[in-house]
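Quick note, this note's numbering runs 427 ahead of the 1-based positions in the sequence shown.
The block underneath contains the structure these notes are about, expressed in structure tokens.
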Amino acid sequence: MADVAKLEWNPGLPATDLTHYEVSWGTTPGTYSKSEKTNCLFCPAPVSPDLVERHCLGSVPRGQTFYFAVQAANIAGLSGYSNEVFKTMSPATNPLGNIEVTGFSANRIDGYDLIALGEKFGASVITNCASDSYYDVNAEKADINYDGRVDAADLVVLAANFGRSS
Ligand SMILES: [Ca+2]
Ligand SMILES: [Ca+2]
């Protein structure tokens with residue numbers, strides 16, 4: 428099962444001179460080990476508290492609970508953290524590279540899996556954060572190492588397990 432994270436929030440008002448937001452996350456409440464700058468739809472001065480900013484993460488490790496918070500940024504620096512939210516990411520389902528799990532290829536890593544990876548080679552897992560279908564399901568399956576992209580690193584994992592049963 429695919430699993431990626433999508434965060435949505437409202438701008439804190441009044442706000443002027445906003446440059447961007449920063450999304451932070453970690454495995455311990457209140458302690459954030461990673462962060463990412465976001466696009467800002469309504470910077471520098473959002474006019475309504477009902478506006479929705481969003482950020483999608485395609486490279487959150489699987490099988491753990493992560494805690495997320497957002498900061499607003501302007502020239503002076505970062506604001507305090509927003510309220511914290513959390514999500515338990517679903518477990519890694521295909522660490523060996525068993526992307527295609529139907530028919531002859533259901534329980535083994537073989538040419539069907541190679542084809543499935545090839546079809547999404549170069550693709551990003553997150554496609555359009557503004558959409559309800561914000562990620563590419565087939566790219567997510569082919570992103571064996573869960574770094575958000577389908578590339579040579581995933582192919583290396585698949586090749587190392589080629590011929591194995593999963
Ligand atoms: Ca397979
Ligand atoms: Ca990858």
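C-beta atoms are modelled at their ideal positions from N, C-alpha and C, and glycine is treated no differently.
All of these numbers come straight from a predicted model, not from anything done at the bench.
With a threshold of 7 Å (Cβ to nearest heavy atom), would residue i be considered close to ligand 2?
| i | result |
| --- | --- |
| I553 | no |
| N572 | yes |
| A557 | no |
| R576 | yes |
| A580 | yes |
Look up residue i in the DSSP assignment and say whether it is helix, strand or coil.
| i | result |
| --- | --- |
| Y377 | The shown model of the chain, from 428 to 593, leaves out residue 377, and the question about it has no answer. |
| Y448 | strand |
| Y459 | coil |
| Y508 | coil |
| V584 | helix |
| V502 | Rather than Val, the amino acid found at residue 502 in this sequence is Ile. Correct three-state label for I502: coil. |
| V479 | coil |
| I542 | helix |
| G485 | coil |
In whole angstroms, what separates the C-alpha of residue i from that of residue j?
| i | j | result |
| --- | --- | --- |
| A533 | S592 | 9 Å |
| N555 | V487 | 17 Å |
| A436 | E511 | Sequence inspection shows Trp at residue 436; the Ala mentioned does not correspond to that position. If you take the alpha carbons of W436 and E511, they lie about 11 Å apart. |
| G530 | Y561 | 28 Å |
| I578 | N565 | Sequence check: residue 578 is Asp here, not Ile. Cα to Cα, D578 sits roughly 13 Å from N565. |
| V584 | T454 | 26 Å |
| T458 | Y508 | 11 Å |
| P473 | N501 | 13 Å |
| V528 | L541 | 12 Å |
Starting from the Cα of residue i, find the closest Cα among the options and give me that residue.
| i | options | result |
| --- | --- | --- |
| S460 | W436, P473, A496 | A496 |
| R481 | P438, F589, D444 | P438 |
| S517 | E567, T443, F589, D578 | E567 |
| N525 | A543, S509, F469, C483 | A543 |
| L484 | G590, L478, W452, L585 | W452 |
| V431 | A579, A586, A587, F513 | F513 |
| N466 | D581, E449, A587, E527 | E449 |
| T492 | L505, T515, I553, G504 | T515 |
Closer than 7 Å to a non-hydrogen atom of ligand 1 - does that hold for the CB of residue i?
| i | result |
| --- | --- |
| E435 | no |
| S592 | no |
| I536 | yes |
| S532 | yes |
Counting pairs of Cβ atoms below 8 Å between the region 515-529 and the region 566-581, do you hit three or more? Output reads yes: the region 566-581 touches the region 515-529.
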